[in-house]
Amino acid sequence: MPRALYDLPDFENCRLKNGDYHITEYLGSGGYGKVYKALDATSTPVAIKCLRKPKAHSREEEFLAREFSLHQKVSGHPNIVSIHEIIETDNYIFCVLDLCEGGDLHSAIENRIFYTGNDEVIRFVFVQLLDAVQYCHTHGVYHRDLKPENIMLSKDQMQIQLADFGLSTDQDVCFDGVCGSEYHMSPECIGSEKTFMPYHAAQNDVWALGIILFSLLTGLNPWHSASPSDPAYMKYVSGPTAYFRNSCPTLSDGVIRILGQVLSPNPLSRIGISALRLDITNLDTFFTVRNPLEGFEYVDAALSDKALLSQQRARENRIRKRDSTMEGCKTPPNCNCMTFDSDSGIHIAHDNKPLPHAELAKPYTFSLSVDESGWIFNSVSGDTELPIDPDASPLPLIPVDVGWSEEVEWTIF
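Numbered according to the working numbering, the sequence shown spans residues 5 to 417.
Written out as C-alpha coordinates, the structure is:
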(Lines of atoms letter the chains of each structure in order from A and count residues from 1; the text may use other names and numbers.)
(Lines give C-alpha, C1' and ligand atoms only; values in the text may rest on other atoms or scores of the structure.)
Protein backbone atom coordinates (compact mmCIF):
# COMPACT_ATOMS: atom_id res chain seq x y z
CA MET A 1 0.00 0.00 0.00
CA PRO A 2 1.12 3.61 -0.42
CA ARG A 3 3.29 5.11 2.22
CA ALA A 4 1.95 6.83 5.32
CA LEU A 5 -0.01 10.04 5.17
CA TYR A 6 2.79 12.12 6.64
CA ASP A 7 4.55 11.69 3.28
CA LEU A 8 1.78 13.66 1.57
CA PRO A 9 2.05 17.44 1.37
CA ASP A 10 -0.88 19.81 1.74
CA PHE A 11 -2.46 20.27 -1.70
CA GLU A 12 -4.95 22.95 -0.70
CA ASN A 13 -5.05 25.85 -3.22
CA CYS A 14 -3.08 23.80 -5.75
CA ARG A 15 -4.13 23.56 -9.39
CA LEU A 16 -4.01 20.36 -11.44
CA LYS A 17 -3.93 19.58 -15.14
CA ASN A 18 -3.08 23.08 -16.33
CA GLY A 19 -5.63 24.65 -14.01
CA ASP A 20 -8.55 22.38 -14.90
CA TYR A 21 -8.96 21.59 -11.22
CA HIS A 22 -8.56 24.02 -8.35
CA ILE A 23 -8.24 22.28 -4.98
CA THR A 24 -10.11 24.43 -2.48
CA GLU A 25 -10.67 22.54 0.77
CA TYR A 26 -9.28 19.60 2.75
CA LEU A 27 -12.05 17.11 3.55
CA GLY A 28 -10.30 14.27 5.36
CA SER A 29 -7.96 11.32 5.07
CA GLY A 30 -8.17 7.56 4.78
CA GLY A 31 -5.71 4.73 5.07
CA TYR A 32 -4.03 5.50 1.77
CA GLY A 33 -4.44 9.18 1.04
CA LYS A 34 -6.05 12.56 1.53
CA VAL A 35 -9.34 13.78 0.09
CA TYR A 36 -9.99 17.37 -1.00
CA LYS A 37 -12.86 19.35 -2.42
CA ALA A 38 -12.06 20.99 -5.75
CA LEU A 39 -13.67 22.89 -8.60
CA ASP A 40 -13.33 21.71 -12.19
CA ALA A 41 -13.04 23.93 -15.25
CA THR A 42 -16.80 24.61 -15.18
CA SER A 43 -16.72 25.40 -11.43
CA THR A 44 -18.52 22.14 -10.67
CA PRO A 45 -17.52 20.78 -7.22
CA VAL A 46 -15.69 17.43 -7.25
CA ALA A 47 -13.70 15.37 -4.78
CA ILE A 48 -10.06 14.57 -5.41
CA LYS A 49 -8.36 11.67 -3.68
CA CYS A 50 -4.60 12.28 -3.45
CA LEU A 51 -2.18 9.36 -3.16
CA ARG A 52 1.54 8.92 -3.23
CA LYS A 53 2.52 7.12 -6.41
CA PRO A 54 3.67 3.57 -5.63
CA LYS A 55 6.90 2.13 -6.99
CA ALA A 56 6.74 0.67 -10.46
CA HIS A 57 5.98 -3.07 -10.62
CA SER A 58 5.31 -3.21 -6.86
CA ARG A 59 2.38 -4.95 -5.18
CA GLU A 60 1.11 -1.52 -4.18
CA GLU A 61 0.96 -0.49 -7.83
CA GLU A 62 -0.87 -3.72 -8.67
CA PHE A 63 -3.44 -3.19 -5.88
CA LEU A 64 -4.05 0.42 -6.89
CA ALA A 65 -4.43 -0.46 -10.56
CA ARG A 66 -6.97 -3.15 -9.65
CA GLU A 67 -8.94 -0.74 -7.47
CA PHE A 68 -9.14 1.90 -10.19
CA SER A 69 -9.94 -0.63 -12.91
CA LEU A 70 -12.80 -2.29 -11.02
CA HIS A 71 -14.16 1.03 -9.77
CA GLN A 72 -14.19 2.48 -13.27
CA LYS A 73 -15.96 -0.64 -14.53
CA VAL A 74 -19.03 0.17 -12.38
CA SER A 75 -18.80 3.97 -12.33
CA GLY A 76 -21.82 4.37 -14.60
CA HIS A 77 -24.40 3.56 -11.91
CA PRO A 78 -26.11 6.52 -10.17
CA ASN A 79 -25.58 4.92 -6.74
CA ILE A 80 -21.85 4.37 -7.20
CA VAL A 81 -19.32 7.18 -6.89
CA SER A 82 -18.01 7.90 -10.38
CA ILE A 83 -14.36 8.26 -11.27
CA HIS A 84 -14.09 11.22 -13.65
CA GLU A 85 -10.42 10.86 -14.39
CA ILE A 86 -7.06 9.88 -12.93
CA ILE A 87 -4.18 12.34 -13.07
CA GLU A 88 -0.61 11.12 -12.56
CA THR A 89 2.49 13.16 -11.83
CA ASP A 90 6.01 11.98 -11.09
CA ASN A 91 5.25 11.44 -7.39
CA TYR A 92 1.48 11.52 -6.89
CA ILE A 93 -1.81 10.19 -8.22
CA PHE A 94 -4.97 12.29 -8.14
CA CYS A 95 -8.29 10.51 -8.56
CA VAL A 96 -11.17 12.87 -9.46
CA LEU A 97 -14.49 11.62 -8.05
CA ASP A 98 -18.09 12.67 -7.47
CA LEU A 99 -18.39 14.95 -4.46
CA CYS A 100 -20.87 13.68 -1.85
CA GLU A 101 -21.63 16.57 0.48
CA GLY A 102 -23.72 14.67 3.03
CA GLY A 103 -20.85 12.75 4.60
CA ASP A 104 -21.02 8.99 5.05
CA LEU A 105 -23.76 6.67 6.26
CA HIS A 106 -21.82 5.78 9.41
CA SER A 107 -22.01 9.36 10.67
CA ALA A 108 -25.70 9.59 9.77
CA ILE A 109 -26.47 6.37 11.65
CA GLU A 110 -24.53 7.58 14.69
CA ASN A 111 -26.72 10.70 14.82
CA ARG A 112 -29.78 8.41 14.99
CA ILE A 113 -32.27 11.15 14.24
CA PHE A 114 -32.87 10.69 10.52
CA TYR A 115 -33.21 7.01 9.64
CA THR A 116 -34.27 5.29 12.86
CA GLY A 117 -38.00 4.73 12.94
CA ASN A 118 -38.63 6.02 9.43
CA ASP A 119 -39.87 3.12 7.29
CA GLU A 120 -39.91 4.88 3.96
CA VAL A 121 -36.54 6.61 4.33
CA ILE A 122 -34.83 3.37 5.40
CA ARG A 123 -36.46 1.50 2.52
CA PHE A 124 -35.52 4.20 0.00
CA VAL A 125 -31.88 4.34 1.11
CA PHE A 126 -31.37 0.59 1.49
CA VAL A 127 -32.89 -0.24 -1.91
CA GLN A 128 -30.40 2.17 -3.50
CA LEU A 129 -27.58 0.28 -1.82
CA LEU A 130 -29.00 -3.04 -3.03
CA ASP A 131 -29.16 -1.68 -6.57
CA ALA A 132 -25.54 -0.52 -6.40
CA VAL A 133 -24.25 -3.85 -5.13
CA GLN A 134 -26.40 -5.81 -7.61
CA TYR A 135 -24.96 -3.69 -10.43
CA CYS A 136 -21.43 -4.47 -9.23
CA HIS A 137 -22.11 -8.20 -9.09
CA THR A 138 -23.76 -8.19 -12.52
CA HIS A 139 -20.57 -6.65 -13.89
CA GLY A 140 -18.32 -9.13 -12.11
CA VAL A 141 -17.17 -6.77 -9.34
CA TYR A 142 -17.37 -7.79 -5.66
CA HIS A 143 -16.81 -5.01 -3.14
CA ARG A 144 -15.71 -7.04 -0.05
CA ASP A 145 -15.69 -3.99 2.22
CA LEU A 146 -19.33 -2.96 2.41
CA LYS A 147 -19.88 -0.85 5.52
CA PRO A 148 -21.55 2.47 6.36
CA GLU A 149 -18.21 4.29 6.23
CA ASN A 150 -17.94 3.43 2.51
CA ILE A 151 -21.44 4.61 1.63
CA MET A 152 -21.54 8.31 0.82
CA LEU A 153 -24.58 10.56 1.04
CA SER A 154 -25.98 13.51 -0.84
CA LYS A 155 -26.45 16.78 1.00
CA ASP A 156 -30.03 15.88 1.97
CA GLN A 157 -28.83 12.38 2.99
CA MET A 158 -31.44 10.73 0.77
CA GLN A 159 -29.21 9.62 -2.14
CA ILE A 160 -26.41 7.15 -1.54
CA GLN A 161 -23.29 6.35 -3.53
CA LEU A 162 -21.06 3.35 -2.91
CA ALA A 163 -17.36 4.21 -2.62
CA ASP A 164 -13.90 2.81 -1.83
CA PHE A 165 -13.18 -0.22 -4.00
CA GLY A 166 -9.75 -0.78 -2.44
CA LEU A 167 -10.55 -4.39 -1.43
CA SER A 168 -12.75 -5.24 -4.40
CA THR A 169 -12.13 -8.23 -6.63
CA ASP A 170 -13.37 -9.70 -9.88
CA GLN A 171 -13.03 -13.22 -8.49
CA ASP A 172 -16.21 -14.60 -6.94
CA VAL A 173 -14.31 -17.46 -5.31
CA CYS A 174 -11.66 -15.95 -3.01
CA PHE A 175 -8.60 -17.70 -1.67
CA ASP A 176 -6.87 -14.72 -0.07
CA GLY A 177 -8.25 -15.16 3.46
CA VAL A 178 -9.79 -12.52 5.71
CA CYS A 179 -10.78 -9.38 3.86
CA GLY A 180 -12.83 -6.41 5.02
CA SER A 181 -13.92 -4.93 8.35
CA GLU A 182 -14.56 -7.37 11.18
CA TYR A 183 -18.02 -6.08 12.10
CA HIS A 184 -19.24 -6.72 8.55
CA MET A 185 -17.34 -9.84 7.51
CA SER A 186 -19.26 -13.06 6.99
CA PRO A 187 -18.49 -16.11 9.16
CA GLU A 188 -17.03 -18.00 6.21
CA CYS A 189 -14.70 -15.09 5.41
CA ILE A 190 -13.53 -14.85 9.03
CA GLY A 191 -13.18 -18.63 9.25
CA SER A 192 -11.08 -18.81 6.09
CA GLU A 193 -8.09 -17.55 8.07
CA LYS A 194 -8.02 -20.83 10.04
CA THR A 195 -9.57 -23.29 7.61
CA PHE A 196 -7.79 -21.98 4.48
CA MET A 197 -11.03 -22.65 2.65
CA PRO A 198 -12.20 -20.35 -0.15
CA TYR A 199 -15.36 -18.27 0.21
CA HIS A 200 -17.73 -16.65 -2.26
CA ALA A 201 -17.30 -12.87 -2.48
CA ALA A 202 -20.91 -12.32 -3.61
CA GLN A 203 -22.37 -14.06 -0.56
CA ASN A 204 -19.89 -12.23 1.66
CA ASP A 205 -21.26 -8.93 0.28
CA VAL A 206 -24.84 -10.07 0.99
CA TRP A 207 -23.91 -10.76 4.62
CA ALA A 208 -22.49 -7.24 4.95
CA LEU A 209 -25.75 -5.84 3.56
CA GLY A 210 -27.57 -7.56 6.43
CA ILE A 211 -25.32 -5.95 9.02
CA ILE A 212 -25.84 -2.55 7.39
CA LEU A 213 -29.62 -3.05 7.40
CA PHE A 214 -29.52 -3.90 11.11
CA SER A 215 -27.47 -0.74 11.77
CA LEU A 216 -29.96 1.39 9.83
CA LEU A 217 -32.79 -0.03 11.91
CA THR A 218 -31.19 0.14 15.35
CA GLY A 219 -28.11 2.38 15.23
CA LEU A 220 -26.00 -0.55 16.42
CA ASN A 221 -24.08 -3.58 15.22
CA PRO A 222 -25.60 -6.95 16.18
CA TRP A 223 -22.22 -8.36 17.30
CA HIS A 224 -18.54 -7.60 17.08
CA SER A 225 -17.47 -10.59 15.02
CA ALA A 226 -19.33 -13.45 13.32
CA SER A 227 -17.07 -16.02 14.95
CA PRO A 228 -17.33 -18.62 17.74
CA SER A 229 -15.34 -16.31 20.01
CA ASP A 230 -18.17 -13.75 20.08
CA PRO A 231 -20.87 -14.64 22.67
CA ALA A 232 -23.47 -12.39 21.04
CA TYR A 233 -22.99 -14.03 17.65
CA MET A 234 -23.15 -17.52 19.15
CA LYS A 235 -26.37 -16.57 20.90
CA TYR A 236 -27.73 -15.50 17.52
CA VAL A 237 -26.67 -18.78 15.89
CA SER A 238 -28.48 -20.77 18.56
CA GLY A 239 -31.77 -18.99 17.82
CA PRO A 240 -31.80 -16.13 15.28
CA THR A 241 -35.46 -15.17 15.67
CA ALA A 242 -35.35 -15.25 19.47
CA TYR A 243 -32.11 -13.26 19.46
CA PHE A 244 -33.57 -10.40 17.44
CA ARG A 245 -36.91 -10.47 19.26
CA ASN A 246 -35.28 -10.28 22.69
CA SER A 247 -32.56 -7.82 21.73
CA CYS A 248 -34.69 -5.56 19.56
CA PRO A 249 -38.37 -5.74 20.54
CA THR A 250 -39.22 -2.80 18.29
CA LEU A 251 -38.35 -4.73 15.11
CA SER A 252 -41.27 -6.27 13.23
CA ASP A 253 -41.59 -10.01 12.62
CA GLY A 254 -41.25 -9.32 8.90
CA VAL A 255 -37.86 -7.62 9.12
CA ILE A 256 -36.63 -10.20 11.67
CA ARG A 257 -37.46 -12.89 9.11
CA ILE A 258 -35.55 -10.96 6.44
CA LEU A 259 -32.54 -10.44 8.71
CA GLY A 260 -32.47 -14.16 9.41
CA GLN A 261 -32.37 -14.89 5.67
CA VAL A 262 -29.64 -12.35 4.94
CA LEU A 263 -27.56 -13.29 7.97
CA SER A 264 -27.76 -17.04 7.47
CA PRO A 265 -24.50 -18.55 8.78
CA ASN A 266 -24.70 -20.99 5.88
CA PRO A 267 -23.78 -19.01 2.74
CA LEU A 268 -25.60 -21.52 0.53
CA SER A 269 -28.92 -20.69 2.17
CA ARG A 270 -28.35 -16.93 2.24
CA ILE A 271 -30.92 -14.89 0.31
CA GLY A 272 -29.93 -13.31 -3.00
CA ILE A 273 -29.97 -9.57 -3.65
CA SER A 274 -32.92 -9.66 -6.07
CA ALA A 275 -35.09 -11.59 -3.60
CA LEU A 276 -33.93 -9.35 -0.76
CA ARG A 277 -34.90 -6.24 -2.73
CA LEU A 278 -38.36 -7.68 -3.38
CA ASP A 279 -38.85 -8.52 0.32
CA ILE A 280 -37.74 -5.07 1.45
CA THR A 281 -39.98 -3.37 -1.10
CA ASN A 282 -43.04 -5.41 -0.12
CA LEU A 283 -42.54 -5.23 3.66
CA ASP A 284 -45.28 -3.21 5.37
CA THR A 285 -43.12 -1.94 8.24
CA PHE A 286 -39.76 -2.53 9.85
CA PHE A 287 -41.06 -1.73 13.33
CA THR A 288 -43.67 -2.89 15.84
CA VAL A 289 -44.44 0.55 17.26
CA ARG A 290 -45.35 3.87 15.73
CA ASN A 291 -42.26 5.67 16.98
CA PRO A 292 -39.26 3.43 17.73
CA LEU A 293 -37.27 6.55 18.61
CA GLU A 294 -38.97 6.45 22.00
CA GLY A 295 -36.94 3.34 22.66
CA PHE A 296 -33.71 5.08 21.80
CA GLU A 297 -32.03 8.03 23.36
CA TYR A 298 -33.81 10.69 21.36
CA VAL A 299 -37.49 11.19 22.16
CA ASP A 300 -39.67 13.46 20.05
CA ALA A 301 -39.32 16.41 22.40
CA ALA A 302 -35.55 16.33 22.15
CA LEU A 303 -35.48 16.44 18.37
CA SER A 304 -36.33 20.13 18.23
CA ASP A 305 -33.85 21.13 20.94
CA LYS A 306 -30.42 21.34 19.30
CA ALA A 307 -28.58 22.03 22.56
CA LEU A 308 -30.11 19.04 24.30
CA LEU A 309 -29.57 16.89 21.23
CA SER A 310 -25.88 17.82 21.18
CA GLN A 311 -25.52 16.81 24.84
CA GLN A 312 -27.32 13.53 24.18
CA ARG A 313 -25.05 12.71 21.25
CA ALA A 314 -21.92 13.44 23.29
CA ARG A 315 -23.12 11.21 26.12
CA GLU A 316 -24.00 8.43 23.72
CA ASN A 317 -20.60 8.56 22.03
CA ARG A 318 -18.82 8.21 25.38
CA ILE A 319 -20.90 5.17 26.22
CA ARG A 320 -20.49 3.62 22.80
CA LYS A 321 -16.71 3.71 23.13
CA ARG A 322 -17.16 0.95 25.70
CA ASP A 323 -19.06 -1.34 23.39
CA SER A 324 -20.95 -0.49 20.22
CA THR A 325 -22.53 -3.93 19.83
CA MET A 326 -25.82 -5.28 21.07
CA GLU A 327 -23.86 -7.54 23.38
CA GLY A 328 -23.59 -4.62 25.79
CA CYS A 329 -27.37 -4.48 26.07
CA LYS A 330 -27.82 -7.96 27.50
CA THR A 331 -26.58 -9.38 30.76
CA PRO A 332 -24.83 -12.75 30.61
CA PRO A 333 -26.12 -15.53 32.91
CA ASN A 334 -25.32 -15.31 36.60
CA CYS A 335 -24.61 -11.59 36.42
CA ASN A 336 -26.79 -8.84 37.82
CA CYS A 337 -30.10 -7.40 36.77
CA MET A 338 -32.56 -4.81 37.99
CA THR A 339 -36.12 -4.88 39.18
CA PHE A 340 -38.28 -2.21 37.63
CA ASP A 341 -41.53 -1.05 39.20
CA SER A 342 -43.19 0.98 36.45
CA ASP A 343 -45.56 2.61 38.96
CA SER A 344 -43.13 3.88 41.56
CA GLY A 345 -40.06 4.13 39.34
CA ILE A 346 -37.99 2.09 41.82
CA HIS A 347 -35.02 0.19 40.45
CA ILE A 348 -33.49 -2.39 42.81
CA ALA A 349 -30.33 -4.34 41.99
CA HIS A 350 -30.26 -8.01 42.90
CA ASP A 351 -28.68 -11.26 41.78
CA ASN A 352 -29.95 -12.59 38.50
CA LYS A 353 -31.63 -15.91 39.24
CA PRO A 354 -33.39 -18.23 36.83
CA LEU A 355 -37.14 -17.68 37.09
CA PRO A 356 -40.00 -19.69 35.60
CA HIS A 357 -42.43 -18.39 33.00
CA ALA A 358 -39.69 -16.49 31.20
CA GLU A 359 -41.69 -16.75 27.99
CA LEU A 360 -44.30 -14.47 29.57
CA ALA A 361 -41.83 -11.64 29.96
CA LYS A 362 -42.55 -8.25 28.44
CA PRO A 363 -39.97 -5.72 27.18
CA TYR A 364 -39.68 -2.40 28.98
CA THR A 365 -37.80 0.77 28.24
CA PHE A 366 -36.11 2.78 30.97
CA SER A 367 -33.31 5.27 31.54
CA LEU A 368 -30.03 4.83 33.36
CA SER A 369 -26.97 7.02 33.78
CA VAL A 370 -23.37 6.08 34.38
CA ASP A 371 -20.37 8.33 34.86
CA GLU A 372 -22.54 11.28 33.79
CA SER A 373 -23.23 9.49 30.51
CA GLY A 374 -26.77 8.53 29.62
CA TRP A 375 -28.17 5.39 28.08
CA ILE A 376 -31.72 4.32 27.43
CA PHE A 377 -32.37 0.63 26.87
CA ASN A 378 -34.93 -0.14 24.23
CA SER A 379 -33.85 -3.76 23.96
CA VAL A 380 -34.50 -5.06 27.44
CA SER A 381 -36.32 -8.30 28.05
CA GLY A 382 -37.79 -9.34 31.38
CA ASP A 383 -38.20 -12.62 33.27
CA THR A 384 -41.41 -12.88 35.25
CA GLU A 385 -41.92 -15.19 38.20
CA LEU A 386 -45.69 -15.06 37.67
CA PRO A 387 -47.82 -14.43 34.58
CA ILE A 388 -48.21 -10.72 33.79
CA ASP A 389 -51.50 -8.98 33.33
CA PRO A 390 -50.47 -6.13 30.99
CA ASP A 391 -53.56 -4.16 31.99
CA ALA A 392 -52.84 -4.37 35.71
CA SER A 393 -52.25 -1.10 37.52
CA PRO A 394 -49.75 -0.83 38.98
CA LEU A 395 -47.75 -3.40 37.03
CA PRO A 396 -45.94 -6.02 39.13
CA LEU A 397 -42.23 -5.94 39.81
CA ILE A 398 -40.38 -7.22 36.75
CA PRO A 399 -36.74 -8.39 36.89
CA VAL A 400 -35.20 -7.26 33.60
CA ASP A 401 -31.84 -8.12 32.08
CA VAL A 402 -29.66 -5.08 31.45
CA GLY A 403 -26.08 -4.52 30.40
CA TRP A 404 -24.31 -3.25 33.49
CA SER A 405 -21.18 -3.88 35.51
CA GLU A 406 -20.65 -4.23 39.24
CA GLU A 407 -17.79 -1.77 38.89
CA VAL A 408 -20.17 0.94 37.71
CA GLU A 409 -22.80 2.57 39.88
CA TRP A 410 -26.06 3.00 37.97
CA THR A 411 -28.40 5.79 38.97
CA ILE A 412 -31.66 7.07 37.61
CA PHE A 413 -31.81 10.41 35.78
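All C-beta atoms, glycine included, are put in the ideal place defined by N, C-alpha and C.
Cα atoms of D11 and R56: separation of roughly 8 Å, rounded to the nearest angstrom.
Taking C-beta atoms as the reference points, A112 and P152 count as a pair closer than 9 Å. Excluding its 5 nearest sequence neighbours in each direction, A212 has C-beta neighbours in its own chain below 6 Å: L150 and H188, listed in chain order. Excluding the 5 residues flanking it on each side, M201 has same chain C-beta neighbours closer than 8 Å at E192 and G195, in chain order.
Put simply, the backbone Cα of N115 is about 43 Å away from that of A60.
Of the candidates Y30, F179, V293 and P269, Y30 places its Cα closest to the Cα of L43. The DSSP-derived three-state label of Y237 is helix. Exclusion of the five residues before and after G170 leaves E71 as the residues of its chain whose Cβ lies within less than 6 Å of its Cβ. Annotation: the region 39 to 101 contains the following complete segments of the alpha helix (DSSP H) (minimum length 4 residues), in chain order: 63 to 77. Judged by DSSP in its simplified three-state form, R274 adopts coil rather than helix or strand. Under the criterion of beta carbons closer than 8 Å, I275 and V210 qualify as touching, at roughly 7 Å. Distances from the alpha-carbon of A167 to those of E66, E64, E65 and L74 put L74 closest. Around S86, the same chain offers S79 and D102 as residues with beta carbons nearer than 6 Å, after the five sequence neighbours per side are excluded.
Around the beta carbon of A246, fewer than 16 other beta carbons sit within 10 angstroms, so the residue counts as exposed. Secondary structure at F291: strand, using DSSP grouped into helix, strand and coil.
The C-alpha of S33 lies about 32 Å from the C-alpha of L267. For D135, same chain residues with a beta-carbon under 6 Å away, outside a window of 5 residues either side, are N83 in chain order. In the three-state reduction of the DSSP assignment, V137 falls in the helix class. The beta carbon of K77 sits closer than 7 Å to those of H143 and V145, all from its chain and outside the five residues before and after it, given in chain order. Ranked by Cα distance from K159, the options G106, M238, E64 and H141 are led by G106.
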